[in-house]
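Going by my numbering, the sequence shown opens with residue 9, and the numbers climb by one from there. Have a look at the structure below before the remarks.
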Amino acid sequence: MRRPPAVLDPLIVGVLAATLSLCGAGRPSFWYDEAATISASYSRSLPQLWQMLSNVDAVHGLYYLLMHGWFQIFPPTEFWSRAPSGLAVAGAAAGLVVLGRQFSSRTVAVSSGVVCALLPRSTWAGIEAR
Numbered sequence: 009m010r011r012p013p014a015v016l017d018p019l020i021v022g023v024l025a026a027t028l029s030l031c032g033a034g035r036p037s038f039w040y041d042e043a044a045t046i047s048a049s050y051s052r053s054l055p056q057l058w059q060m061l062s063n064v065d066a067v068h069g070l071y072y073l074l075m076h077g078w079f080q081i082f083p084p085t086e087f088w089s090r091a092p093s094g095l096a097v098a099g100a101a102a103g104l105v106v107l108g109r110q111f112s113s114r115t116v117a118v119s120s121g122v123v124c125a126l127l128p129r130s131t132w133a134g135i136e137a138r
């Protein structure tokens, strides 16, 4: 059996990470902090969001702005609210493969990306809409 070309390694690991992170992401209902994200980024206009950020949660401003755009495309359900986090974990795992390949072998790079995808902290972050 032939191994896939090395150029596909980040993509394969990224898809694995996204699948692991988002598997069941729509099942648990929103919790308090996730509800705050929905309230800030979905139920407010951009001027209202800007006004809110001048009083509270300024540290999350860029994230709220990105999620505001996301909710223009996707509905604010549990799954779609958490999908950007799962995609971020996928990007981190894929990026680790690319970075690992710069410093070590292909095996070490892919293994590092897979471990990143499997870490409990990564899978938890992948289903957080916060």
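All residues carry an ideal CB built from backbone N, CA and C; glycine is no exception.
Backbone CA spacing between residue i and residue j [nearest angstrom]
i, j, result
"residue 77", "residue 32", "24 angstroms"
"residue 72", "residue 113", "38 angstroms"
"residue 85", "residue 107", "34 angstroms"
"residue 9", "residue 96", "31 angstroms"
"residue 40", "residue 133", "15 angstroms"
"residue 111", "residue 38", "40 angstroms"
"residue 119", "residue 131", "16 angstroms"
"residue 18", "residue 129", "20 angstroms"
"residue 59", "residue 52", "10 angstroms"
"residue 55", "residue 123", "42 angstroms"
"residue 115", "residue 14", "10 angstroms"
Start and end residues, alpha helix (DSSP H) containing residue i
i, result
"residue 86", "86-111"
"residue 76", "69-81"
"residue 46", "40-49"
"residue 114", "114-126"
"residue 60", "54-61"
"residue 22", "17-30"
Nearest-angstrom beta carbon gap, residue j and residue i [assumed within contact, 8 angstroms]
i, j, result
"residue 43", "residue 65", "About 13 angstroms separates the two Cβ atoms, so there is no contact after all."
"residue 75", "residue 45", "6 angstroms"
Residues of its chain near residue i, where Cβ-Cβ distance is below 8 angstroms and the 5 sequence neighbours each way are ignored
i, result
"residue 135", "29, 30, 32, 33, 36, 90, 93 and 94"
Residue i and residue j closer than 8 angstroms at C-beta
i, j, result
"residue 24", "residue 125", "yes"
"residue 117", "residue 109", "yes"
"residue 50", "residue 87", "no"
Same chain, Cβ closer than 6 angstroms to residue i, neighbours up to 5 away in sequence not counted
i, result
"residue 121", "21, 101, 104 and 105"
"residue 61", "69"
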